[in-house]
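Right, one structure below, let's go through it.
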Amino acid sequence: AQSVTQPDIHITVSEGASLELRCNYSYGATPYLFWYVQSPGQGLQLLLKYFSGDTLVQGIKGFEAEFKRSQSSFNLRKPSVHWSDAAEYFCAVGARGGSNYKLTFGKGTLLTVNP
Amino acid sequence: NAGVTQTPKFRVLKTGQSMTLLCAQDMNHEYMYWYRQDPGMGLRLIHYSVGEGTTAKGEVPDGYNVSRLKKQNFLLGLESAAPSQTSVYFCASSYFLGTEAFFGQGTRLTVV
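Okay, structure coming up:
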């Protein structure tokens, strides 16, 4: 069965600092990988996705993520955090093919941004 | 662009009452999903549908029923609400199975 681990429940960074949110997955083949962001009281918005090809993917709001097969990781990065980035971030893994739906989410990382 | 719309946005139920949550999408997606979100638990899949007239169980289906009579709508029913069903419920849809999902704004349900 596939699974997603986000090791950091809560991260605090200063505005302007760099950010890396960790995501590790377990899946038997190359998965689809996603990062979503959720602002308070809102639904989830897709930041970026990896299906195949270039392992460094660019997303919205200046975020990027790198797929590392050898480490089963898909970490999210941003070079300079803005106060508006404060939110909860979810990594998700989707299974490829078949009729058995699988889009599994991690438990989330809450990001606090200090002025 | 409406995307995925959920109604209602908030609801308070008494234990044992029933209700239906409605999800509508205007993207012509085949696949639709219902998740619940609880603190520290992430999102857990309740039920999903791979097309009009189909439904399937997800990770936490007990106490819920669903129907997909029209392609654009996916209904989630609680026949006899319990306090353990207090949660935020999200509907989502996708073009392909297992790929990026588009989410509604959520329904905050409290069962007292």
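As they're listed, the protein sequences go chains A and B. Numbering (my numbering) for the first sequence: 37 to 151. Numbering (my numbering) for the second sequence: 294 to 405. Cβ atoms here follow ideal geometry from the backbone N, Cα and C, with glycine treated the same way.
Output, in chain order, the set of chain A residues within a Cβ distance shorter than 7 Å of residue i.
i	result
S335/B	What sits at residue 335/B in the sequence shown is Gly, not Ser. Ordered by position in chain A, the residues that pass the 7 Å Cβ test against G335/B are F126, F141, G142, K143, G144.
T308/B	Under the 7 Å cutoff, chain A gives no residues; its nearest Cβ is about 25 Å from T308/B.
When the Cα atoms are used, what is the spatial distance from residue i to residue j?
i	j	result
T48/A	T91/A	27 Å
T356/B	E372/B	In the sequence on display, residue 356/B carries Gly and not Thr. Roughly 7 Å separates the two Cα atoms.
P332/B	P376/B	15 Å
V93/A	T308/B	47 Å
L147/A	S75/A	10 Å
G351/B	G98/A	34 Å
S387/B	T140/A	14 Å
Name, please, each residue of chain B whose Cβ falls closer than 7 Å to the Cβ of residue i.
i	result
F70/A	E393
Output needed for residue i: all residues of its chain with C-beta closer than 8 Å, excluding positions within five of it in sequence on either side, in chain order.
i	result
V343/B	E323, Y324, A349, L390
K363/B	E345
A128/A	V40, L69, F70, W71, Y72, L139, T140, F141, G142
Suppose the cutoff is 6 Å on Cβ atoms and the five residues either side in sequence are ignored; what does the same chain contact list for residue i look like?
i	result
A295/B	D319
S109/A	N60
L57/A	L112, Y125, T145
Y86/A	L69, V93, F103
In chain A, what lies closer than 9 Å to residue i by C-beta?
i	result
G397/B	G79
F383/B	G79, L80
Please go through the same chain and pick out, in chain order, the residues whose beta-carbon is closer than 7 Å to the beta-carbon of residue i, but skip the five residues on each side of it.
i	result
T41/A	N60, G142
R361/B	M325, S342, E345, G346, T347, T348, F367
Q365/B	A317, Q318, D319
Q330/B	L336, S380, V381, F383
Checklist entry - Is the stretch 318-332 of chain B touching the stretch 46-64 of chain A, taking contact as three or more C-beta pairs under 8 Å? => result no
Checklist entry - Going along the stretch 103-132 of chain A in order, which residues come within less than 7 Å of chain B, judged by CB to CB distance? => result F126, G130, A131, R132
Next on the checklist: Give me the subset of the stretch 73-94 of chain A whose CB atoms are less than 7 Å from a CB atom of chain B, sorted by chain position.
Outcome noted: Q78, G79, L80, L82, K85
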